[in-house]
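Numbering-wise, the UniProt record's numbering puts 468 at position 468 of the sequence shown, and it's gapless, one number per residue.
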Amino acid sequence: MPDNDDNVGAGQANGLAHARQQALELHFSQVSYNLKSATNGCTQILNEACGSFKSGRLTAILGPSGAGKSTLLNALAGFKIRGVSGQFLLNGRPRDLMAFRKMSAYIPQDFVMLNLLTVEETLWVSVDLKTPSATAAQEKQKIIDDIIDILQLQSCRKTLVGNISGGEHKRLSIGIELVTNPPIMFFDEPTSGLDCVASYQVICHLQRLAHDGRIVVCVVHQPGSRLMQLFDDVLVLAHGEVLYAGEQRHMLDSFAGAGFTCPQYYNPGDFVLEVCSESSTTQRCDTLISQNKGRHCHSNGTNFEKLNVAEEAALIEMPQQAVWLDQSQLRVKEQVGFCFQLRVLLRRHLRSMSRDMFAVQLRLIMHVVIGLLLGVVYWQIGSDAAKIVSNVSCLFFIILFVFTGNAMPSILLCLQDSAVFIREYYNGWYSLRAYYISKVLADLPLQLTCPTVFISISYFMTGQPPEFDRFAMSWAICLMTAFIGHFVGVVAGTLFPMQLAIFLVPSCTIPFLLFSGFFIRLNELSWFLRPICDVSFFRYIFEGLLRAIYGYGRGELDCHATFCYYRTADQFLTDFAMDGDEFSWDLAVLGVYVLLLLLSFYVTLNVCIRRALR
């Protein structure tokens, strides 16, 4: 196995113009994959596939839809090991899976990036987290400049990722993985969604990367004749079996030997796809499969023994034995320390949030506008005993708005972040702890600003007691409400798809609202429903806010009507079963809810990590 760390340092020091000079050959033999399903039982996706890839050559994996192309690529890249059996050799030696993951790069078809970073900023994050901490800033800048020059991204260097074209997006995804100058690169349908011109440009870049000395393998769905000319080698897959794996110039001769003659001036790519799709040519396809196994299932005259890999294991390099490795341990180790990871991630989160018009800027504007509207509707009613019921409605609206105004936008903030987090985490960019802490800290400014602005406007416009202590208690309750709403939204947005999360958040919180003490007094509930009030965080929010406004010896209220039922604040709190100066208890319970939601968010990230491996 080549020494990857030394090669990475040398490659970066000399720029990205040339890859590692050591020749590499990745050989795979009798690779099978069975997909287990509760409804269909066990389905075989790959059936004893054999072939090899060499450095300095660009290889295309061809085949009709459902042939198993992406599955084979995932197995070769080491991203799929559950249900996989077979043997993988690198330069004739069993593949050390962890070392292989460090020296290879896998670019999926849907390579998600943060839309609110520029192209250069995206590359900077990759360089900061994928290169050793000792790397100088000038050297990092040179790596970025070389990548931009190689992939011709100069024109969009300062453009936000969300505003670049499809071809530029594909090239940027290549550039992100080029930071460590990997000698082996896998691409899953790099031309998907691109026109013929952009597709040709992307494949030309891949050809250049291959001819610099790398193994470059890509799945191509239906290449035109112009694209086919760029590939050095071809692997043809049909029904999970390899019909041909070798140089493209010998492909048609091999098919002709089995009885498949390509018409003159016909696109070879279209021809082999038609052969793979014909069900009446099974016997002649068997001839191609046998010929390919004869070429690739033997090496130097020695038979490769088929090694069975258990459902959650992968073969790594050990003397005369297989070692079992759980798939959750396939993560590459980080290159930089925790504090540096935290700093880079925190800077990225804050930069993205500052540019997010919908989830951040409009969110702040919404808190200002609704605060002003609330102040106009409930103008100076807080000190009037005759309007105490309306004031309670005002206070409950404050709670409801602060919660929903922070829960729903937080769902949107997690949608794109989740896919980016999973990819970067498994590529060893940063630890789960660093991402978690940076995410929590980056959200703090917005969680502090929005409720502070809202309560500052609405509190004084609605005529609540002009006392600093009461305002501080009301502000603390609003902060806790914002934190709870935010983390409820974050957990739902991370764990579920957007439509389901948007449905679940209000659906699950409505019962808590019902038992808050606003719609029915707590002492009027049936005995078997009372425990629900004790676990409703809205009960403690509502109770804490009422105690902040009417508790702590507020005494008699001003009455501007002929008769006021509630002349004293204590009488009102007693009727609502919220008497007693226990604001600190309400705040402490809300603090426990915040801690539980923080823990839930961490657990949710772990669930997403494990779910991504299925």
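The beta carbon of each residue, even a glycine, is placed where N, CA and C say it ideally should be.
Original post:
In angstroms, rounded to a whole number, what distance separates the CA positions of SER458 and LEU525?
Top reply: On the sequence shown, position 458 is the one that residue 458 refers to. On the sequence shown, position 525 is the one that residue 525 refers to. If I take the Cα positions, the gap works out to 31 Å.
**OP:** Confirm, please, whether the CB-CB distance from LEU227 to SER199 is below 9 Å.
**Re:** Along the sequence shown, read from residue 1 onward, the residue named residue 199 stands at position 199. Along the sequence shown, read from residue 1 onward, the residue named residue 227 stands at position 227. Yes, Cβ-Cβ distance for SER199 and LEU227 is below 9 Å.
Original post:
Comparing alpha-carbon positions, which option in VAL592, ILE484, ASP212, PRO223 lies nearest THR191?
Top reply: Locating residue 191 in the sequence shown gives position 191, where the first residue counts as 1. Looking at the Cα atoms, PRO223 is the closest of the given residues.
**OP:** Specify, as a first and last residue, the run of the alpha helix (DSSP H) that ILE370 falls within.
**Re:** In the sequence shown, the residue the question calls residue 370 occupies position 370. Unbroken alpha helix (DSSP H) run through ILE370: 362 to 377.
**OP:** Take every Cβ of the region 444 to 463, pair it with every Cβ of the region 394 to 410, and state whether three or more of those distances are shorter than 8 Å.
**Re:** Yes: at least three Cβ pairs fall under 8 Å.
**OP:** Look at ILE184 and PHE271 and say whether their C-beta atoms are less than 9 Å apart.
**Re:** Working through the sequence shown from its first residue, we reach residue 184 at position 184. Working through the sequence shown from its first residue, we reach residue 271 at position 271. Contact flag unset, no.
Subject >> Own chain residues within Cβ distance below 6 Å of ARG355, not counting five before or after >> reply: Along the sequence shown, read from residue 1 onward, the residue named residue 355 stands at position 355. Once the five neighbours on either side are set aside, the close Cβ partners of ARG355 are LEU116.
Original post:
Which same chain residues, not among the five before or five after SER600, have their C-beta less than 6 Å away from its C-beta?
Top reply: What you label residue 600 is simply residue 600 of the sequence shown in a count that begins at 1. Taken in chain order, the residues that qualify are VAL491.
Subject >> C-alpha gap between SER52 and VAL84, whole angstroms >> reply: On the sequence shown, position 52 is the one that residue 52 refers to. On the sequence shown, position 84 is the one that residue 84 refers to. Cα to Cα, SER52 sits roughly 17 Å from VAL84.
Original post:
Quick one: what's got a C-beta closer than 7 Å to TYR552's C-beta in the same chain, skipping five residues either side?
Top reply: Reading the sequence shown from its first residue, position 552 is the one you call residue 552. Correct list, in chain order: ASP581.
**OP:** Answer with buried or exposed for PHE358, where buried requires no fewer than 16 other C-beta atoms within 10 angstroms of its C-beta.
**Re:** Here residue 358 refers to the residue found at position 358 when the sequence shown is read from its first residue. Exposed.
Subject >> Classification of ASP326 by the beta-carbon crowding that lies within 10 angstroms, buried from 16 upward >> reply: Taking the sequence shown and counting its residues from 1, the one referred to as residue 326 is at position 326. In this predicted model, ASP326 has a pLDDT of only 44, less than 50, meaning its place in the structure is not dependable enough to derive any value.
**OP:** Below 7 Å CB to CB, which residues in the same chain sit around GLN207 once its five sequence neighbours on both sides are set aside?
**Re:** Taking the first residue of the sequence shown as position 1, residue 207 is located at position 207. Hits under 7 Å: LEU58, LEU230.
Original post:
In this structure, what does DSSP give as the bridge partners for CYS42?
Top reply: Indexing the sequence shown from 1 puts residue 42 at position 42. DSSP, once it has assigned bridges, lists LYS36 as partnering CYS42.
Original post:
Ends of the beta strand (DSSP E) at ALA105?
Top reply: Counted from its first residue, the sequence shown places residue 105 at position 105. Element bounds for ALA105: 104 to 107.
Subject >> Same chain only: Cβ atoms within 7 Å of PRO319, ignoring 5 sequence neighbours per side >> reply: For the purposes of this step, residue 319 is identified with residue 319 of the sequence shown, where counting begins at 1. At PRO319, the pLDDT of 29 sits below 50, so the modelled position is not reliable and the matter cannot be decided from this model.
Original post:
Taking buried to mean at least 16 other C-beta atoms within 10 Å of its own C-beta, is CYS508 buried or exposed?
Top reply: On the sequence shown, residue 508 is found 508 positions in, with the first residue counted as 1. With fewer than 16 Cβ atoms within 10 Å of its Cβ, CYS508 is classed as exposed.
Subject >> Exposed unless 16 or more other CB atoms sit within 10 angstroms - verdict on LEU605 >> reply: Along the sequence shown, one-based indexing puts residue 605 at 605. LEU605 should be labelled buried.
**OP:** Go through the region 430 to 472 residue by residue and report every complete run of the alpha helix (DSSP H) that reaches 4 residues or more, in order.
**Re:** Runs of the alpha helix (DSSP H) lying entirely within the region 430 to 472, each at least 4 residues long, are 432 to 461 in chain order.
Subject >> C-alpha distance - ILE150 paired with ARG171, whole-angstrom precision >> reply: Taking the first residue of the sequence shown as 1, we reach residue 150 at position 150. Taking the first residue of the sequence shown as 1, we reach residue 171 at position 171. Going from the Cα of ILE150 to the Cα of ARG171 covers about 10 Å.
Original post:
Taking the C-alpha atoms as reference points, what is the distance between CYS608 and VAL125?
Top reply: On the sequence shown, residue 608 is found 608 positions in, with the first residue counted as 1. On the sequence shown, residue 125 is found 125 positions in, with the first residue counted as 1. Cα to Cα, CYS608 sits roughly 22 Å from VAL125.
**OP:** List the DSSP bridge partners of ARG93.
**Re:** Here residue 93 refers to the residue found at position 93 of the sequence shown. In the DSSP output, where bridge partners are listed per residue, ARG93 has LEU90.
Original post:
DSSP beta-bridge partners for LYS54?
Top reply: By one-based count along the sequence shown, residue 54 stands at place 54. Partner(s): GLU25.
**OP:** Quick one: using the 10 Å Cβ neighbour count with 16 as the cut-off for buried, is ASP233 buried or exposed?
**Re:** As a first step, residue 233 is located in the sequence shown; it is residue number 233 there, counting from the start. Its Cβ being crowded by 16 or more others within 10 Å, ASP233 is buried.
Subject >> Coil, strand or helix - ASP212 by DSSP >> reply: As a working note, residue 212 is residue 212 in the sequence shown. Looking at ASP212 - three-state DSSP - the assignment turns out to be coil, as it is neither helix nor strand.
Original post:
So the beta strand (DSSP E) GLY224 belongs to, where does it begin and stop?
Top reply: Stepping through the sequence shown from its first residue, residue 224 is reached at position 224. It is not in any beta strand (DSSP E) - GLY224 carries neither H nor E in the DSSP assignment.
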